[in-house]
Amino acid sequence: MDYFFILILAATLVLFALFERVKKFIFLISFQGILLFGIALINLLHIDTLELVLILLETIVVKSIIIPVFLRKLMIQNQLKRVHEVNVPVFYSIIFTSFFILGSFLLSSFLQLPNINSRIFSIGFASIIFGIYFITIHKNIFSHLIGYLIIENGIFLFSVGVGSQMPLLIGLAILLDILIGVLIIGIFVNKVKDRFQSIDIAQLSQLKD
Amino acid sequence: MMTVIGIILTLILSVLFPGIIAITKAKVSGRKPPFILQPLFDILRLFRKTTIYSTTTSFIFQLAPLVYFASVVIALLFIPFFGDTGVFSFEGDFVFFAYLLAFGKFFMIIGAMDTGSSFEGMGANREAFYSLLVEPAYFLLMGSLALLSNYISFAGLFSALHFNTDLAYLVIPVSVYVFLFITMIENSRMPVDDPKTHLELTMVHEVMVLDNSAFDLALIHIAGWLKFVIYGTLIANFLINGQESTLIKSLEFVGINILFAVLIGVVESFRARNKLAKNPQWIIMLSALAIIVFITTLIITSKLILN
Amino acid sequence: MLLYYFIFSLLISLSILFFKKKKLSNSLIIVFLLGQIAITLFAYQHIDQTDSAFFKFDALGILFTMVLSVLSIASFYYSRFYLDYKDSSIKNESYYYSLLTLFIVAMTAANFAQNMAILWVFVETTTLFVAGLVYFDRSKIAIEASWKYLFIGSIGIAIAFIGILFISVVDIKNGVMALNFDELIQHTKQLNPLWVKISFLFILTGFSVKLSSVPLFPASIDAKTVAPGPVNALMSTALINVGFIAVFRFFVVFSHTDSFLWVRNVILIAAISSLIFSAIQLFKVKRYTRLYAFSSMEHVSLVLLGLYTGGIAYYAAILHLVFHSFIKAGLFYQITGIKQTYHSVWFKDSGNYFRIRPIDALVVLLGLILITAIPPSGLFFTELTIFKGLFLSNNIFIAILSLLLLTVIIYIIAKKIMHLLYGAQPKTYKETTNTSNRYAFIPVLILFALTIFIGIHPPHFISELINSSIVLLK
Amino acid sequence: MTSSETTYKIRNNQSVPLDRIPTYDYSEFRVLMIDLLKNGENHCVNYFAYQCNNRLQFIACVASDSKAIIHLLAHEMDLSATVALQSLTADIPALHLFEREIHENFGIAFTAHPWLKPVRFAHNRKNKTAINDYPFYSIKSEELHEVGVGPIHAGIIEPGHFRFICNGENVLHLEIQLGWQHRGIEELFVQKKKILERSTLAENIAGDTCIGHSTAFVNLWEGLCNYVPDESLEFARTIASELERIAIHTGDLSAICADIAYQLGNAVFGRLRTPIVNFFQEWGGNRLAKGLIRAGKINYPFTPELATRLLEILKVYEIDFDEISAKLFNLPSALNRMENIGEISPKEAYIIGTVGMVARTSGLNRDIRSSHPYNLYQKMDHQPIIKQTGDVHARAELRVDEIKQSIAYLRQLLNKVPASKQPEDHQFVSPANSFAISLTEGWRGEICHCAITDDKGELLAYKIKDPSHHNWMALAQVVRKNEISDFPICNKSFNLSYCGHDL
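So the sequence lines, in the order shown, correspond to chains A, B, C and D.
Sequential numbering of the first sequence, starting at 1, is according to the working numbering.
Sequential numbering of the second sequence, starting at 1001, is according to the working numbering.
Sequential numbering of the third sequence, starting at 2001, is according to the working numbering.
Sequential numbering of the fourth sequence, starting at 3001, is according to the working numbering.
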């Protein structure tokens, strides 16, 4: 059953490459949160109430409700509609993304990692690689924020895949990190927009000597 | 026997197909629908007209519609019906099928180039590009199905599709989805192309057949309808593989095809067409989805082992 | 004990933020500094004792906390001048002080963190506070710098997290993870070599934002370009030390595995490429802040070279960081003076400093001598030791390459600073009534003197702390 | 010498004796014009020449967007003298088409004009020899190709020739050549003496702006003859022009939907237009409102029954309209076809001198209803709707917002229907040697009509400027860097008039 979630998660990565509307990005982020919950629930063997609450909090509450709501607010405040400027045409991005996904599945099949759930490893790896790729091709800092969230999702998958039992501390730490990170980065998106009248990354190049 | 029934049903359906789409679209937008056979009457009218050829064209232009039509008719004979084999069936026939259709399209394209019109050149260029982009999706999908069923012919492939694992529930909808949109692209429908537009700068397929008239144009239209039903039948084959009687299967078949036509009508009503520059990325997205189907089949068939 | 320290500092920080009273802030800061000194002394008294499950007062942590405490006193002292120069409102001022306090607390916590997750959390926290402090100026470039620092810092720290995850899995079958460094050292035999290698890559990459080394150095350089002088002094010294501590703790763990050679080679590559990058970038710099920032990068690469070399160079590397902290902080404190004089930190706007402010110029000259490791600078002894180690361990080629690069770097730094001191007076310069405190240079002189003194005659407790922090290394 | 004292200032729909308009040397005139037009608040509404006793009179009308005044200034030259004038286009690009027209009609050579090509190549131009090789801008390159479209089109639109220079699917340059429908309307105005004939002519300047042009004409004529229309006349004209705006905007939205192949929008907007134009049929017996607007009278008085009927129609209209426009502007596939397509920046829009909808979608506040109010707009506090993005989306959204605004205005007006008199013919006597100007905001934008009378009070010259005049240039600019397949949607979103330009 977790294959089901994993493959749909892979499909969402393709959609991330295809879509250009901010609204759809936010929807996908929210949707990924639900998928992550599914994956985490299936894979954590001895789950106790506290841990369940934590995972629920982290995936459903934070990733698929709080952050999307916050992003939506950002979108409305900054009148973001589309993320057009990309360095690589979407056409190639989709091809690259397909290869990231195929590659990471083949890689984890080939490696046969002993101490890691390689199903989750494969999709987590693909998410992180894709997130970094996503950040590099976009010129817009809102999409960078989205890319950051994709990476964070990949890391969450890693932490699920690494141990069947996730230490409470790490879970809390990630939760805090993501929440504060997104909030503060989001606030800075607003500041940048206020100061530069645009959230195009090309504006942010005054520091170079 | 089943094949004969199938072909007869296919021919009947192909005549009804454009009518059903037109009726759906009219109903959805609150208009008075045309008579279901109106497209057929239009074609009959075209048959009565005299074909006019531009003086700048050569025999290729005259030959192209015939070749196109013939290729589609032959392709029809490869399609299996209700678990039975098609008229022709051999190993690897789905590859042949794809190339047959490509061959027909190739002739249409060089026919369009033959006119020397810049519009038709533009249309031919676009259509050729889109067909090229569809290829990987089609082959990845058929390859995955072949892997899943261990057969490499249409008939075997569809007869041996067993969806007994959980993951198959992922394979069916995604495959149907991909196939649905391959059909839309191959037939130059929305969202890739708009059959209703009459603006020479935005047309894809329509602009390619701009110079064809009368008999030739009629052939092209009929071939288009047949193609619709061919793909409709392929999709139906995904879904019909039980052990029911011929009658029930035929009803299912007709039902699925009508549903297919209605679906196309609905899709065309409720969304706008893609921006032309978006088409390539939209089409390649189908290949990306096909890759996910491919990974899924690899996992099902234990070619890809993940602990 | 640290828990009380956190609560105490949090209360102070919040009251500075909420009351917004100048006098109250000043006295609260003094209270905080006293607390900071107290916790340092407490830690020194309780050396090698754990404080709850997450912290431990180990030698290296104590040493760097001492440095941090000294520098935080100086930083608060210079913040006064900086804020006066900026003529900032009381609201901004309390925002600044409150964040600076928290920044120092986060660094102290990171120094003592014994648990990987805790270390990770506090390093991430420093990113947030630094971003807030860099943003203090509210100019366009300040936004740009803080955005980049925040963003790259967050991604870096996320990458480091993957590394931590990989290395922390000790019991495969039961999925048990060891998150304490001490615990992990006992389980090094159970670690998967491949994972160890990959995880060190991730960890080094992730912490390189703090460490200001290859590959994620640009964010920290940009942040240092625009950060307020006193903050900059901490970022280029104490924060680098935090980054070093983070990497070093893992380095100690890895020294017990079979992949140690690989890890050292990774360190070497990072060191050499940082050195090359800083040398190339120094040719292009046009601002004093960036000049100093790249100079820090150069010193970090020397420290990394020390880690690679091993043996006596471990000792030298850590001592090098201590010296570098004092000298670089002094130079950054002087930046506020330069800014007051020229209202700019660009080379093109500066010159003839000796004529305009002779005493400050003398201090800068002394700083130049010290930072370029000319005797009696303490850096001279440490660099000598590191290179000696390199020669002795048959890394002659690496040593020569580094020395060549170092020559280039020293040449550029000296040239730029000479331009400041003796260059033609810029046209943009306007004679202003000197508002700066005439004795502002004294703490800098004290820091410099400290460096020279420790370099010539290292106090016993320092060498002891360093020795006991490298004792676990194989 | 400041420009405020050197021009004659006139309000909308007023007339002035010709000798009151200050006449200058060309060099002085040129400086004054540049001075006036460098001010961002002014734009040139008309600049033309006419022949009078072997002398060529040039009159320029510059309207201020903030003060409700129009500056008039003139220069003249001997017809026999073949003096080349230094072009104003280099300084004020918005004037390029006026100069081209003057060049075409009177053979004036403007020096340093970048593209002194005939506007219409009309039979009544000065140089009657045919042009063999019609000049089109071209770029020599192996990679580029030219695509010529029209003048006969696949769709049912008017004739116009579009010459694209493309790199693959991307348009580098577009040149639009119009003039295929030139009917010599301005001359017909002078030739036809009866007011009914002239009214009919005005209705046929541009078929889709029947109300706009006929209102401009009657306002002009009444202004010229110092006739003050009563409230019922102004009421009918205001109602008609807002209704026309609703009808044509709805039709445009339908056409935009057709171009992006959004079938539902096409059908619903298309259907919604019908009750509005049918109301014209009920009112004046013609769906396009021909014969409705007449100088000094109205043959089909607006009765309270019609008001009730119209309110019913609007009520039904609004429900469906709100629903379908909300759908259209929330449909991602539709938004993708509209957003960031055919963008024109405020700066470009200003330089080109765009008016009406195109100006308002690019952040320029140009609306005659608020800047030079006429008819009942004088009593309304009209606030123009301004959009900033200048793309197809903005132009579509502006239409929706303007329709909503118009409906609100109609509701407000219909509260009190003034009583109408029996229609009777007023004998208009036009004063001799006078100039009159009328500005009207048609649905497409600012319409400018100017009339000049001779010593007997007969029409000497009549000048018409349709909003399409400037905006065609904007269309040519916006397709640059867009794909060639996006041209139809850009064109449709502008919906400019071919015959309004060709005259």
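Ideal placement from N, C-alpha and C gives every residue a C-beta, glycine not left out.
According to DSSP, is residue i helix, strand or coil?
i, result
"Ser3015 of chain D", "strand"
"Phe125 of chain A", "helix"
"Leu1234 of chain B", "helix"
"Ser1014 of chain B", "helix"
"Gln3086 of chain D", "strand"
"Leu3439 of chain D", "strand"
"His3426 of chain D", "coil"
"Asn2232 of chain C", "helix"
"His2256 of chain C", "coil"
"Asn1125 of chain B", "helix"
"Asp2084 of chain C", "helix"
"Ala3081 of chain D", "coil"
"Gly3148 of chain D", "strand"
"Phe3110 of chain D", "strand"
Please go through the same chain and pick out, in chain order, the residues whose beta-carbon is closer than 7 angstroms to the beta-carbon of residue i, but skip the five residues on each side of it.
i, result
"Phe2329 of chain C", "Sequence check: residue 2329 of chain C is Ala here, not Phe. Correct list, in chain order: Leu2071, Ala2074, Ala2233, Thr2237 and Leu2447."
"Arg3294 of chain D", "Ser3199 and Val3218"
"Ala3261 of chain D", "none"
"Gly161 of chain A", "Ile116, Asn117, Ile120, Phe121 and Gly124"
"Ala2313 of chain C", "Gly2306, Thr2385, Ile2386 and Gly2389"
"Phe1017 of chain B", "Trp1225, Phe1228, Val1229 and Ala1261"
Sort out for me which residues DSSP pairs residue i with in a bridge.
i, result
"Asp200 of chain A", "A:Asn140"
"Leu2071 of chain C", "Bridge partners of Leu2071 of chain C: none, in fact."
"His3075 of chain D", "D:Tyr3024 and D:Phe3058"
"Ala3334 of chain D", "Ala3334 of chain D pairs with nothing; no bridge assigned."
"Leu3174 of chain D", "D:Phe3164"
"Ile2245 of chain C", "Ile2245 of chain C pairs with nothing; no bridge assigned."
"Cys3448 of chain D", "D:Leu3439 and D:Lys3465"
"Gln3051 of chain D", "D:Leu3056"
Leaving aside the five residues before and after residue i along the sequence, list all residues of the same chain whose C-beta is less than 6 angstroms from its C-beta, in chain order.
i, result
"Thr3002 of chain D", "Bear in mind that a pLDDT of 47 at Thr3002 of chain D, under 50, signals an unreliable position, so the number given afterwards is only what the model happens to contain. Excluding sequence neighbours, Thr3002 of chain D sits near nothing in its chain."
"Tyr1068 of chain B", "Gly1104, Phe1107, Met1108 and Ala1223"
"Gly3434 of chain D", "In the sequence under discussion, the amino acid at residue 3434 of chain D is Ser, which differs from the Gly named in the question. For Ser3434 of chain D, where only same-chain residues beyond five positions count, the Cβ hits under 6 angstroms are Ser3015, Pro3017 and Thr3453."
"Phe3487 of chain D", "Val3479"
"Glu3041 of chain D", "Ser3064, Asp3065 and Ser3066"
"Asn1237 of chain B", "Phe1158"
"Ser3254 of chain D", "Asn3266, Phe3269 and Gly3270"
"Lys2148 of chain C", "Ala2219 and Asp2222"
Go through its chain and collect everything with a Cβ distance to residue i's Cβ below 8 angstroms, but skip five positions before and after it.
i, result
"Arg3055 of chain D", "Glu3076, Met3077, Asp3078 and Leu3079"
"Leu1304 of chain B", "Ile1295 and Leu1298"
Decide if the stretch 2040-2057 of chain C is in contact with the stretch 2007-2016 of chain C; the criterion is three or more beta carbon pairs, one per stretch, under 8 angstroms apart. no
Tell me, please, whether the stretch 3178-3192 of chain D touches the stretch 1228-1235 of chain B by the rule of three or more beta-carbon pairs shorter than 8 angstroms. no
Flag this pair as touching only if the stretch 2204-2212 of chain C and the stretch 2150-2157 of chain C have three or more C-beta atom pairs under 8 angstroms; answer yes or no. yes
Spell out a yes or no on whether the stretch 1247-1261 of chain B and the stretch 1129-1142 of chain B are touching, meaning 3 or more CB-CB pairs, one atom from each, closer than 8 angstroms. no
Count the C-beta pairs between the stretch 1018-1028 of chain B and the stretch 1257-1271 of chain B that are closer than 8 angstroms, then say yes if the count reaches three, no if not. yes
Determine, using beta-carbon pairs with one atom in the stretch 3387-3401 of chain D and one in the stretch 3334-3345 of chain D, whether at least three such pairs fall under 8 angstroms. yes
Specify whether the stretch 3218-3238 of chain D and the stretch 196-209 of chain A touch according to this definition: at least 3 beta carbon pairs, one from each stretch, less than 8 angstroms apart. no
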